[in-house]
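Heads up: the structure comes next, in structure tokens.
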Amino acid sequence: MVEVRLEGVTKRFGEVTAVEGASFSVGEGGFLTLVGPSGCGKTTILRLIAGFDRPDEGEILFDGRSVLQEPPEARRVGMVFQNYALFPHMTVAGNIAYGLRSWRGQERQQRRVKELLELVGLEGLEHRSPGELSAGQRQRAALARALAPEPRLLLLDEPLSALDAKLRERLRLEIRRLQRQLGITTIYVTHDQEEALAISDLVAVMNSGRIEQVGSPKEVYHRPATEFVASFIGRGNLLEGKVSSVNGERVELWLIPSGPKISVRVAAGTVQSGQEVKLLIRPERIRLDGSLENKLRGRLKGIEFLGDSSWAYLDLGGQELRVKLEEAPGPAEGQEVVELSFASSDCYLILPRGAGSAPERGG
1 MVEVRLEGVT
11 KRFGEVTAVE
21 GASFSVGEGG
31 FLTLVGPSGC
41 GKTTILRLIA
51 GFDRPDEGEI
61 LFDGRSVLQE
71 PPEARRVGMV
81 FQNYALFPHM
91 TVAGNIAYGL
101 RSWRGQERQQ
111 RRVKELLELV
121 GLEGLEHRSP
131 GELSAGQRQR
141 AALARALAPE
151 PRLLLLDEPL
161 SALDAKLRER
171 LRLEIRRLQR
181 QLGITTIYVT
191 HDQEEALAIS
201 DLVAVMNSGR
211 IEQVGSPKEV
221 YHRPATEFVA
231 SFIGRGNLLE
241 GKVSSVNGER
251 VELWLIPSGP
261 KISVRVAAGT
271 VQSGQEVKLL
281 IRPERIRLDG
291 SLENKLRGRL
301 KGIEFLGDSS
311 WAYLDLGGQE
321 LRVKLEEAPG
331 PAEGQEVVEL
341 SFASSDCYLI
351 LPRGAGSAPE
361 RGG
């Protein structure tokens with residue numbers, strides 16, 4: 001297994017900067033997911049790590065040693081592509097064995113193929129062609145082929161994007177199980193933020209070629225470092241506000257333009273009076289009653305029933321608020337909700353870039 005570290009990596013294609021100043025590290029046996037919208041540079045970073053492209057600036061290190069001069073085959077990296085890239089003229093066993101061409105001994109190669117067929121649950125399908133497999137089986141075959149030569153690093157480029165929602169959920173658990181079982185260092189790319197939170201040790205959130213934040217799934221969800229991370233990860237409510245007073249770690253602010261006052265706890269010195277900020281409140285932390293510290297009034301605009309839960313959409317005098325409910329609320333659409341409330345420890349201030357330190361969670 002290997003520790004992978006990127007230091008200030010930049011890659012340009014003509015006048016387009018695909019990746020700018022990317023820095024992160026993933027330890028031996030760790031699982032890091034690069035997540036962000038399409039075109040943000042995620043796949044480019046995988047290609048740079050694999051050695052298919054070379055950065056214009058920065059360093060890529062395996063166990064503290066630069067690999068920029070090493071060709072892809074010397075880096076011992078296994079890669080699963082978005083379209084799986086299985087050879088259509090080969091059987092499943094043939095595809096898996098393709099990466100074992102350098103291994104001496106036919107018996108050794110066959111033993112390794114058999115191990116991998118069992119590992120990914122494709123026993124009995126070794127003589128089928130890729131065209132005779134389901135989408136999920138093709139994904140397993142591609143994963144087995146990438147693992148065949150015993151790589152020290154596994155790279156996966158949106159391997160579940162072509163699958164339906166239920167199959168994606170099942171196979172992402174299988175990928176995580178295999179990664180833990182093998183203890184292989186893994187870097188995974190997806191645009192699905194739920195997928196990133198579910199399977200990762202670390203999440204690196206990307207936007208327009210830049211890494212906005214690297215942290216554990218809980219850190220990027222509960223303590224987003226930028227407005228983009230707050231809006232991209234999870235269904236957060238981002239409300240505009242203006243700081244009215246600061247007393248140590250307790251901050252009071254007015255919502256814009258409706259005027260209700262909100263109390264938040266932040267790190268001392270983070271904000272100052274008169275500063276405009278964004279306030280993040282997660283929908284599941286809001287109650288449609290007056291039992292918590294911050295109390296507001298709003299008008300119910302609509303309700304979405306999703307089976308195990310419902311979403312209520314409320315108007316707060318010009319700003320929309322989403323509330324996640326276990327059951328649909330009683331008021332009818334258009335009727336004023338008497339009170340909704342949330343704790344100051346469940347509010348997070350998002351500051352403009354360069355306006356101060358990263359936001360702290362209250363409480």
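The sequence shown maps to residues 1 to 363 in the numbering used here.
Even for Gly, the Cβ is constructed at its ideal location relative to N, Cα and C.
No experiment lies behind these values; they were computed from the predicted model shown.
Note on F342: 16 or more other CB atoms within 10 angstroms of its CB, so buried under the neighbour-count rule. Beta-bridge partners assigned by DSSP to I96: none are found. For N247 and P260, the gap between their C-alpha atoms comes out near 19 Å. If you draw a 10 Å sphere on the C-beta of A18, you find 16 or more other C-beta atoms in it, and that means buried.
For T44, there is no enclosing beta strand (DSSP E); the enclosing alpha helix (DSSP H) covers residues 42-50. Approximately 4 Å separates the beta-carbon atoms of P217 and L197; this is inside 8 Å, confirming the contact. Residue burial is scored here from C-beta neighbours: Q139 has at least 16 other C-beta atoms within 10 angstroms and is therefore classed as buried. About 19 Å separates the CB atoms of C40 and G236; that is not less than 8 Å, and the two are not in contact.
Taking a C-beta distance under 8 Å as the contact criterion, L46 and D157 qualify as a contact pair. For R210, the enclosing beta strand (DSSP E) begins and ends at 210-215.
The Cβ-Cβ distance between L173 and V277 does not fall below 8 Å.
Nearest to Q213 by alpha-carbon distance, out of R152, A22, A146, is A22. Here the C-alpha atom of T91 lies approximately 12 Å from the C-alpha atom of V113. Secondary structure at R76: coil, using DSSP grouped into helix, strand and coil. Counting C-beta atoms within 10 angstroms of its own C-beta, G36 has 16 or more neighbours from the protein chains shown and is therefore classed as buried. A straight-line Cα-Cα distance of about 15 Å links D63 and A50. Apart from sequence neighbours up to five positions away, the residues of its chain that approach L100 with a beta-carbon distance below 7 Å are Q109, R112, A148, P149, ordered along the chain.
Secondary structure of D192 (DSSP, three-state): coil. Judged by DSSP in its simplified three-state form, G21 adopts strand. S129 sits in coil when the DSSP states are folded into three classes, being neither helix nor strand. Relative to the Cα of R299, the nearest Cα in the group E28, E132, V323 belongs to V323.
For Q319, the closest of E70, E284, G241 by C-alpha to C-alpha distance is G241. Burial of V205 is indicated by the presence of at least 16 other C-beta atoms within 10 angstroms of its C-beta. Annotated three-state conformation of G8 is strand, per DSSP. Taken in chain order, the unbroken stretches of alpha helix (DSSP H) that lie wholly in the region 151-209 and span 4 residues or more are 165-182, 193-199. Assigned with DSSP and collapsed to three states, Y84 falls in coil, not helix or strand. In the structure shown, R250 falls within a strand segment according to DSSP collapsed to helix, strand and coil. In the three-state reduction of the DSSP assignment, E118 falls in the helix class, which pools H, G and I. Taking the Cα of F31 as reference, the smallest distance to any Cα among E132, P159, I184, A93 is reached at I184. When the alpha-carbon of L182 is set against those of Q193, D192, L153, the nearest one is in L153. Annotated as proximal: S244 and W254, with beta-carbon spacing under 8 Å. In this model, E123 and A165 are separated by some 25 Å (Cα to Cα). Counting along the chain, L147 sits inside the alpha helix (DSSP H) bounded by residues 135-147. Around the Cβ of P71, a 10 Å sphere holds fewer than 16 other Cβ atoms; the residue is exposed.
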